[in-house]
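Protein chains in written order, with the working numbering: chain A, 151 to 521; chain B, 151 to 521.
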C-alpha cells in the first residue's frame, strides 16, 4: 500500500530524492545555473562581441553552420520553437493562400501552444491519423479539405520517439509536394533520428521545405531554436520574429550554450540510442512494463507500467533513495485503467549506468508496487 | 570637407574607434559577453535552481519584487517588451470588445514592431497628437472613434525622454478612466522618470492599469521585460505568452542580470539625470547644437546638430580618436535640411566625465564640421 501523500508532498519528496541521487537514467547530469554560466564564461573568447537584435557574427556564423548541416540556404536563431514554427507556417500560408496545415493529433502546435497558431495566425490545424499511431500516407490521402502545408514531427515525441520508415516518410512528403503542399519538419528532437535513418541531417531535411530544430533538449542548451529554409523565407521570418517579440536585444547565453551542446552531444547520438535500446530491453523484461516503441528507434522511449501513478512514483522514489539512481521525472495516468506511463530520454548520464542496473531498479520498483 | 567613405567604411571605423575609447558620454562601460557571464556566475549562489517554463522561485520572487515596487498585484517576466505590450493590449481589447488603442505617433508598437499588433492581434492603433510634441489631454479629446485603451510612454523616447507634467499626466489618465478606457504604461525607460516626478514608481504606476518595464536599457541586463498589473490579467498573460512562443524553457541569464541591474543602477537614477542636465547645458553652449528637451527631464536627451550626418560622424570619430572619449553611437538626418540628430542616455560611464570635457569635445566636433 502506498502511503497517503498530497501532490505537493510528493513533489517535495521527489525534489529531495533527486538532489540526493548521483546517477540518472534519463538525460545529462544536472547542472545548476551557476555552473552553466561559469562554464560558458570559461569557454567564451574574451574579445567576442555580443549579438544585437539578432545581428553580429556570433549568431550569423551559427545560423550558417546549422543551415549547412541541414543543407538549407539560411537559418534564423529563435528564442523558442513555438515561435519559429508558427512563423514558418504563417509565411507558407500567406504564399499559398491556404491556412490549412495537416499534422498529427499530438503535434506541439495542437497540444502545447494554447491555440497560438489559430489565435495569432488564423491557421487551421487539420489533425491527421490516429493519436496513438504514426501518421501514414493513407491517412493523408483521406483528408477531405484542401491543404496548404504538411507538418511532420521527427521523431514523434508523444509516441515515445517513434519514426516512420524512410520509404513511408519519402512517400508522405513526395505525395505532399505532388499535391502542391509545402512540407515542414518539426525537428524538436531531430538530432535523435540520425542513427535510425543512417542518413545525414541534410538528406532527411531535403524532404522538407523548412525545418525547425531545438537546442535545449538532448543538446543541453539553456534555450533556443532555429528555423532553416530558403533564403527568402528566412528573410521574411526575421520580420515576423520582430512582430512576435522574438527579436531579442541579446541572446548570446542561448547561442553560446547551443554551440557547446552541438559539439558535446551530437557525436554521441548513436551511443545514446544504443543505451536506450539496452535500457528498454532490460525494463521490458520486468513483469508489468511495456515499452513504446519496442525496441526504441531513438534515444527516447515511453514505458507503460501496470500500476497506479502515485504508487509507482512512491515506489520509484523509495528505490531511488536506496540506489542513488534517479529513475524517472514524472508519471502520468495511461489510457487503460490500472496503467500509468513515463518518458525516458537517454543522454550522457545513462552511459554511466549498466542496463542490468536499470533492469534491477525497475524490477525493484514494480515489486514494491505489487507489495 | 569630409573625406569620401562608404557606409560600411564608416561603420568599421566607428567600431575601431570605439574599441580604442576608455570613456563614454552615454551608457555604462561596455562589457563583453565573457565578462558578463563570469560576473553573473560569480554572483549566483551555487545551489540556485534554474527556472523552468517561467516557474521556480528565481522568477517568482523577482516578479513579486518588481510588482511590489510598482504597487501592482502581479508581474510576469517576458523575454521582450514587444511581446509584453501586445499581449497586455490584446487582453484588454478582448475584455472591452474594442480593438482601438490610442497612442503617440512614435509609439514603439507603431514604429519598431513591423505591425505586429495589427497582424497578430487585430488591434488598431489610433495615432494621437503630433509626432514632434507630447500627447495632451486636448489631443485625446479630439479623437473621433471610440477607444478601448490608452497607452502612454514615460518618458517619450523619440522626444528625447520628454515627460508630461504630473498634472497633465493625471488629467489624461483620469479622462481615460472616466471614459471607460483602460490605461497602459509603456515603461521601457520608466526607471528614468523617478527623479523628474519626485514620486515613487508605485505612485506613477497607480495611474495605469497595466505597466511594462524593461531590464536591458539603463539597467544593463542582457534582455528581458516585465508586465505588471491585476492578478487576473497576469494569469491570462501567461497563456498568451505561451501562444507567442515567449514561455521559454529557461531564462535565468536574463533574470539574474535584470536583478543585478536593479541593484546596481536604480539608486543612481538621479545622479544620471543630473549628469545629463549638465552635459546638455555644456553642449547647448556650443554653436550649432540644440537640445531636446532643454533642460533634460531624465538621463536622456536628443541633440540636433547643424551639420551633415556623415560630416558630423567623421568629426566625432576624429575627436574620439584624439580624446579617448566616445561621444555618440549614431547620427541620423533631422527633419530640417542641414541638420542631423543623435540620442544621449547618460549612465554610469558619464559620471566619470566632467561636463566641461563634454562641452569641449562637442565644441571640437562642431569646429571640425565647420572647417
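Yeah, the Cβ is synthetic: ideal placement off N, Cα and C, and Gly gets one too.
Contacts around residue i, its chain only, beta-carbon distance under 7 Å, and the 5 residues preceding and following it disregarded
i             : result
residue 178/B : 370, 497, 498 and 499
residue 435/B : 509
residue 284/A : 306, 309, 312 and 314
residue 412/A : 369
residue 320/B : 357
residue 441/B : 430, 433, 434, 451 and 453
residue 198/B : 208
residue 202/B : 399 and 400
residue 409/B : 212
Close-in-space but distant-in-sequence residues of the same chain around residue i (CB under 6 Å, 5 per side omitted)
i             : result
residue 475/B : 173 and 511
residue 373/B : 366 and 404
residue 465/B : 515, 518 and 519
residue 289/B : 278 and 279
residue 386/A : 241
residue 528/B : Residue 528/B is absent from the model: chain B starts at 151 and stops at 521.
residue 246/B : 298
residue 391/B : 397
Residues near residue i by beta carbon distance below 8 Å, same chain, minus five either side
i             : result
residue 266/B : 232, 236 and 259
residue 171/B : 470, 474, 475 and 476
residue 200/A : 206, 208, 400 and 402
residue 213/A : 224, 225, 226, 227 and 376
residue 361/A : 220, 222, 334, 335, 337, 340, 355, 377, 378 and 379
residue 163/B : 155 and 467
residue 291/A : 325
residue 329/A : 297
residue 175/A : 429, 475, 476, 477, 478, 494, 496, 499, 500, 503, 508 and 511
Span of the alpha helix (DSSP H), counted from its first residue to its last, around residue i
i             : result
residue 334/A : It is not in any alpha helix (DSSP H) - residue 334/A instead sits in the beta strand (DSSP E) that spans 332-337.
residue 170/B : 157-170
residue 354/A : 351-355
residue 381/A : 381-394
residue 515/A : 505-520
residue 269/B : 266-269
residue 192/B : 183-193
Start and end residues, beta strand (DSSP E) containing residue i
i             : result
residue 360/B : 360-364
residue 492/A : 490-495
residue 342/B : Looking at the DSSP string, residue 342/B is not in any beta strand (DSSP E), and its letter there is neither H nor E.
residue 277/B : 274-277
Checklist line | Near-chain E residues of the segment 363-386 of chain A - C-beta to any C-beta below 8 Å | finding: Looking at the structure shown, chain E is missing, and the protein chains on hand are A and B.
Margin query: For a minimum of 3 consecutive residues, which ranges assigned as the beta strand (DSSP E) are wholly contained in the segment 198-263 of chain A?
Written below: 224-228 and 250-253
Notebook entry, point to check: Which of the residues in the segment 224-248 of chain B, read from start to end, lie with their CB under 8 Å from any CB of chain A?
Noted result: 228, 229, 230, 231, 232, 233, 234 and 236
Item checked: Unbroken stretches of the beta strand (DSSP E), 3 residues or longer, contained in the segment 404-480 of chain B -> 439-442 and 450-455
Item checked: the segment 216-225 of chain B contacting the segment 343-359 of chain B, beta-carbon criterion three pairs below 8 Å -> yes
Next item on the list: Can you check the segment 290-329 of chain A for any alpha helix (DSSP H) of at least 4 residues that lies completely inside it and give the ranges in chain order?
Entry: 316-328
Margin query: Tell me whether the segment 415-434 of chain A and the segment 266-275 of chain A touch, counting them as touching only if at least three CB pairs, one residue from each stretch, are closer than 8 Å.
Written below: no
Check: Touch check for the segment 242-252 of chain B and the segment 245-260 of chain A: three-plus C-beta pairs under 8 Å?
Finding: no
Note to self: With three or more beta-carbon pairs closer than 8 Å as the criterion, would you say the segment 179-198 of chain A touches the segment 389-398 of chain A?
What the structure shows: no
Next item on the list: Scan the segment 433-444 of chain A for residues whose Cβ lies nearer than 9 Å to a Cβ of chain B and list them as they occur along the chain.
Entry: none
Check: Which of the residues in the segment 157-189 of chain A, read from start to end, lie with their CB under 7 Å from any CB of chain B?
Finding: 182, 183, 184, 187 and 188
Next item on the list: Could you please tell me which residues of the segment 485-519 of chain A, in chain order, have their CB closer than 7 Å to any CB of chain B?
Entry: none
Notebook entry, point to check: Listed in chain order, which residues of the segment 392-404 of chain A have Cβ atoms closer than 9 Å to some Cβ of chain B?
Noted result: 392, 393, 394, 395, 396, 397, 398, 399, 400, 401, 402, 403 and 404
Note to self: Can you pull out the residues from the segment 348-364 of chain A whose beta carbon lies closer than 7 Å to at least one beta carbon of chain B?
What the structure shows: none
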